[in-house]
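The structure under discussion appears below in the form of structure tokens.
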Amino acid sequence: MEALLIGLQATFQPFAILAIGFGVLWGVIGGVIPGINASTAMALLLPFTWGMDPGIAMMMLAGVYCGGEYGGSIPAILIGTPGTTAAACTVMDGYEMHKKGKTSEALSISLWSGTVAGLFSTVVLIVVAIPLAKVALAFGPAEYFGLSLLGLTLICSLGGLNIFKGLIAGAIGVFAATIGFDPFAGVPRYSFGSYNLGGGLSMIPVMMGLFAVSELFVQVEESVAGENFLTNIKEKMKFSGVKKMMETFPSTMLGSVIGTVIGALPGVGATTASFVSYNEAKRWSKDKDSFGKGNPNGVAAPEAANNACTGGAMVPLLSLGIPGSNSTAIMLGALVIHNIQPGPLLFTQHPEIPYGLFVSLFVANIFMFFIGLWATKVCMKVTTLSKPILVASIMALVFTGGFAINMNSFDVLVTFVFGVIGYVMKKYGLAQTSTVLGFVLGFIMEVNFRRSLIINQGDVMHSLFSSPLSTVLLVIAAASVVLTTWQNFKKPVDIESAC
Amino acid sequence: MFSYKDFAVGIASILLGVLIVFESRGLVAKTSLDPAGPAALPLMMAWSLIVLGAIEVVGGLYARGKTKADRPPSAGFKAVLGKWYERYRLVLIVMIIGAAFCALFDLLGYLIAVPLMFAAILWFMERRDLKSIIGINLAVTAFLFVVFKYALSVNLPLGPFSGLF
Numbered sequence: 000m001e002a003l004l005i006g007l008q009a010t011f012q013p014f015a016i017l018a019i020g021f022g023v024l025w026g027v028i029g030g031v032i033p034g035i036n037a038s039t040a041m042a043l044l045l046p047f048t049w050g051m052d053p054g055i056a057m058m059m060l061a062g063v064y065c066g067g068e069y070g071g072s073i074p075a076i077l078i079g080t081p082g083t084t085a086a087a088c089t090v091m092d093g094y095e096m097h098k099k100g101k102t103s104e105a106l107s108i109s110l111w112s113g114t115v116a117g118l119f120s121t122v123v124l125i126v127v128a129i130p131l132a133k134v135a136l137a138f139g140p141a142e143y144f145g146l147s148l149l150g151l152t153l154i155c156s157l158g159g160l161n162i163f164k165g166l167i168a169g170a171i172g173v174f175a176a177t178i179g180f181d182p183f184a185g186v187p188r189y190s191f192g193s194y195n196l197g198g199g200l201s202m203i204p205v206m207m208g209l210f211a212v213s214e215l216f217v218q219v220e221e222s223v224a225g226e227n228f229l230t231n232i233k234e235k236m237k238f239s240g241v242k243k244m245m246e247t248f249p250s251t252m253l254g255s256v257i258g259t260v261i262g263a264l265p266g267v268g269a270t271t272a273s274f275v276s277y278n279e280a281k282r283w284s285k286d287k288d289s290f291g292k293g294n295p296n297g298v299a300a301p302e303a304a305n306n307a308c309t310g311g312a313m314v315p316l317l318s319l320g321i322p323g324s325n326s327t328a329i330m331l332g333a334l335v336i337h338n339i340q341p342g343p344l345l346f347t348q349h350p351e352i353p354y355g356l357f358v359s360l361f362v363a364n365i366f367m368f369f370i371g372l373w374a375t376k377v378c379m380k381v382t383t384l385s386k387p388i389l390v391a392s393i394m395a396l397v398f399t400g401g402f403a404i405n406m407n408s409f410d411v412l413v414t415f416v417f418g419v420i421g422y423v424m425k426k427y428g429l430a431q432t433s434t435v436l437g438f439v440l441g442f443i444m445e446v447n448f449r450r451s452l453i454i455n456q457g458d459v460m461h462s463l464f465s466s467p468l469s470t471v472l473l474v475i476a477a478a479s480v481v482l483t484t485w486q487n488f489k490k491p492v493d494i495e496s497a498c
Numbered sequence: 000m001f002s003y004k005d006f007a008v009g010i011a012s013i014l015l016g017v018l019i020v021f022e023s024r025g026l027v028a029k030t031s032l033d034p035a036g037p038a039a040l041p042l043m044m045a046w047s048l049i050v051l052g053a054i055e056v057v058g059g060l061y062a063r064g065k066t067k068a069d070r071p072p073s074a075g076f077k078a079v080l081g082k083w084y085e086r087y088r089l090v091l092i093v094m095i096i097g098a099a100f101c102a103l104f105d106l107l108g109y110l111i112a113v114p115l116m117f118a119a120i121l122w123f124m125e126r127r128d129l130k131s132i133i134g135i136n137l138a139v140t141a142f143l144f145v146v147f148k149y150a151l152s153v154n155l156p157l158g159p160f161s162g163l164f
């Protein structure tokens, strides 16, 4: 309690509050811009923290982290372009809600669930930081493999009427993730002699191509067919009522728990959390068929999960000094440049930093709600532009965002090529989400399976079932495949219109 | 479950699978240090693509046969091509504009390539008011340039304008 008072004292100073507010605003802006994620926005602010008090610097970076994770959902809903990789899942139902004229509702749900999840994960962080760190440490390669396999089971339900198409799309994604230098042998794979392909494909250009560019092509095609442009909606942002928010509350809480736990696992991240959460929300829903067609729970679950990761990710950073993601690695860097060593001793040597961070995460999530409300109002105006201007502007924005990832024009080409691939996939009823899911989880799955094999000297069974935790995860994954496939055969879901 | 389009999906899937198998030949084999080897997962995916592709081909052929009686008689290759061209003409043009942008991005630089792409899209999408093309184009390009170049420190290629900004 005394420690929390120290945190409150450190946070409720005018300069600290200002820094958190600015951080959230900066994060939201970064999240909204495709190609700039939370960690990039944090990295851009890192040099400015040099002259700051380390506690305030950490609070500002925490604000950027919260704002960045949320901001990605705004373009995902409004233009079908995820601003961050973690918002990819939000496109599926958020964009569909927007097309149906439920823009305000989708944006409200994303903001509300993000805020609730952020606050939830902060409470969890305060209460169980140390015990949760022990759970994170129990995750070895076999457990990570099981977790990624569990996430991949979503592919089975994304094939719609034809499950094989979902699997084909997923296999393409997993294969795409293997392009580039092999992480173990160091040899180039499927690079066809290209120096750029040797480095592998970046996630953001792949996702922006599959989701945004392909959607632009669809819009162009529909304009010829004389269909109305989806974004010509003259709706003003109004926060949907409490009743609407309560309807999605179970999904928000499910996402919050999943996000907090996955966020605490080093190297997994918000993208995996949002996909796993979406999968679970769909699995437990009574109305599975409406997922992918504009179900509010399909927005609440992934948004809650990726925002809950912010609190979860602080667990290994503060308690063990292990950065679990790029964003927390930047925070670690901010501490190191001030000659402060994170880890268990931080709580005794500099209590104002970890406890100040706990309180500031709370404040940041509240700021995020109000700044998010303002940002959605501003961003909604963009969608009232005429169709040709919007198509040209999004194309320019997406290509610039693609370039910004690695400052390499090859990524612009990747964005374009995956846009064409995504368009063809849409035409043939293949879900691009399966490809993205395969791409995100394929790498984690391969690396951890091979690592586990190395540890267990090639013994496959022992590699997979080396601990009760990995066994449980694999059993759930297998049961999930069987159950989803059975449900799909019994009552196939028509998602062709949605993908 | 299957539609006649699945035949094409199956063929494409098989071709991709075969390409992966073919390209995996040169990869180093598994070793005692790395029991799976670099080709394990890609090959697993390749064979999955081949098997799933074969299922799609068979399913697609089955669906074709089943819906043959319901399908209207073909209007002839020329008429189908004409209809196809009419529907996809603008998409193809936008794709060509996108491809040209990718090819010329480094050479022309951001400040020339983006306005050119922007103007071309507006022009072909029947927005031909020159005043608005120039005005909106300049506003969007300038906004994106300032945000990415100065606020986000992205080193955008400048082509002939290198050294000016």
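Residue numbers (numbering that gives the first Met the number 0), protein chains in the order written: chain A, 0 to 498; chain B, 0 to 164. Where is the CB? At the ideal position from N, CA and C, for every residue including glycine. Model, not experiment: these values are computed from the prediction.
query, result
"For chain A, is any of its Cβ atoms less than 8 Å away from the one on Gly158 (chain B)?", "no"
"Could you pull the start and end residues of the alpha helix (DSSP H) that Thr30 (chain B) belongs to?", "Neither: Thr30 (chain B) is in no alpha helix (DSSP H) and is coded neither H nor E."
"Whose Cβ in chain A lies nearer than 7 Å to the Cβ of Asp105 (chain B)?", "Ser408"
"Counting contacts by CB-CB distance shorter than 8 Å, is Phe6 (chain B) in contact with chain A?", "no"
"Apart from the five residues just before and just after Gly16 (chain B), which ones in its own chain have a Cβ nearer than 7 Å to its Cβ?", "Ala45, Trp46, Leu48, Ile49, Gly52"
"Beta-carbon within less than 6 Å of Asn227 (chain A)'s beta-carbon, same chain only, minus the 5 sequence neighbours each way: which residues are those?", "Bear in mind that a pLDDT of 44 at Asn227 (chain A), under 50, signals an unreliable position, so the number given afterwards is only what the model happens to contain. Answer for Asn227 (chain A): no residue qualifies."
"Under a CB-based cut-off of 8 Å, is Ala170 (chain A) close to chain B?", "yes"
"When you compare only the Cα positions, how much space is there between Phe123 (chain B) and Ile111 (chain B)?", "18 Å"
"What is the DSSP secondary structure of Arg282 (chain A), reduced to helix, strand or coil?", "helix"
"Quick one: what's got a C-beta closer than 6 Å to Met313 (chain A)'s C-beta in the same chain, skipping five residues either side?", "Leu124"
"Mapping the DSSP letters down to three states, classify Lys148 (chain B) as helix, strand or coil.", "helix"
"Name the chain B residues whose beta carbon is nearer than 7 Å to that of Asp181 (chain A)?", "Pro37"
"Using DSSP bridges, identify the partner residues of Pro322 (chain A).", "Paired residues: none, contrary to the question."
"Which residues, in chain order, does the stretch 180-203 of chain A contribute to contact with chain B at a C-beta distance below 8 Å?", "Asp181, Phe183, Ala184, Val186, Arg188, Tyr189, Phe191"
"So which of A:Leu24, A:Ala395, A:Ala2, A:Lys99 has the shortest CA-CA distance to Phe366 (chain A)?", "A:Leu24"
"Exposed or buried, which one is Gln340 (chain A) when buried takes at least 16 other CB atoms within 10 Å?", "exposed"
"By how many angstroms is the C-alpha of Leu17 (chain A) removed from the C-alpha of Ala477 (chain A)?", "49 Å"
"Give the C-beta separation of Met244 (chain A) and Thr414 (chain A) to the nearest angstrom, bearing in mind that I take them to be a contact with Cβ-Cβ under 8 Å.", "Going by Cβ atoms, the distance from Met244 (chain A) to Thr414 (chain A) rounds to 35 Å, so no, they are not a contact pair."
"Could you say which of B:Glu22, B:Ile54, B:Phe144, B:Tyr61 lies nearest to Leu42 (chain B) if we only look at CA atoms?", "B:Glu22"
"Applying the criterion that 16 or more other CB atoms from any shown protein chain within 10 Å of the CB defines a buried residue, is Ala74 (chain B) buried or exposed?", "exposed"
"For Pro74 (chain A), count the other beta carbons within 10 Å of its own beta carbon; 16 or more makes it buried, fewer makes it exposed. Which is it?", "buried"
"Enumerate in chain order the residues of its own chain whose CB-to-CB distance from Ser190 (chain A) is below 6 Å, with the five nearest sequence positions on each side excluded.", "Leu196, Gly197"
"Looking at the strands, I want to know which residues DSSP matches up with Phe164 (chain B).", "Answer is none; Phe164 (chain B) lacks a bridge partner."
"Residues of the stretch 8-36 of chain A with a CB closer than 9 Å to any CB of chain B: list them in chain order, please.", "Ile28, Gly29, Ile32, Gly34, Ile35"
"For Gly553 (chain A), return the contacting residues in chain B, with the cut-off set at a CB-CB distance below 9 Å.", "Shown here, chain A extends from 0 to 498; a query on residue 553 (chain A) therefore has no answer."
"So that I know if they touch, is there some Cβ in chain B lying closer than 8 Å to that of Ile370 (chain A)?", "no"
"Below 9 Å on C-beta distance, what does Leu155 (chain B) contact in chain A?", "Thr399, Phe402, Ala403, Met406"
"Using a C-beta cutoff of 8 Å, does Ile167 (chain A) count as contacting chain B?", "yes"
"In this structure, how does DSSP classify Pro187 (chain A) when only helix, strand and coil are distinguished?", "strand"
"Compare the C-beta of Ser12 (chain B) against all C-beta atoms of chain A and say whether one is closer than 8 Å.", "yes"
"Check the DSSP bridge columns for Phe76 (chain B) and list the partner residues they point to.", "In DSSP, Phe76 (chain B) forms no bridge with anything."
"Does the beta-carbon of Met444 (chain A) have 16 or more other beta-carbons within 10 angstroms, so that it is buried, or is it exposed?", "buried"
"Below 8 Å on the Cβ atoms is my contact criterion, and I expect Val139 (chain B) with Ala374 (chain A) to pass it. Report the Cβ-Cβ distance as a whole number of Å.", "Going by Cβ atoms, the distance from Val139 (chain B) to Ala374 (chain A) rounds to 19 Å, so no, they are not a contact pair."
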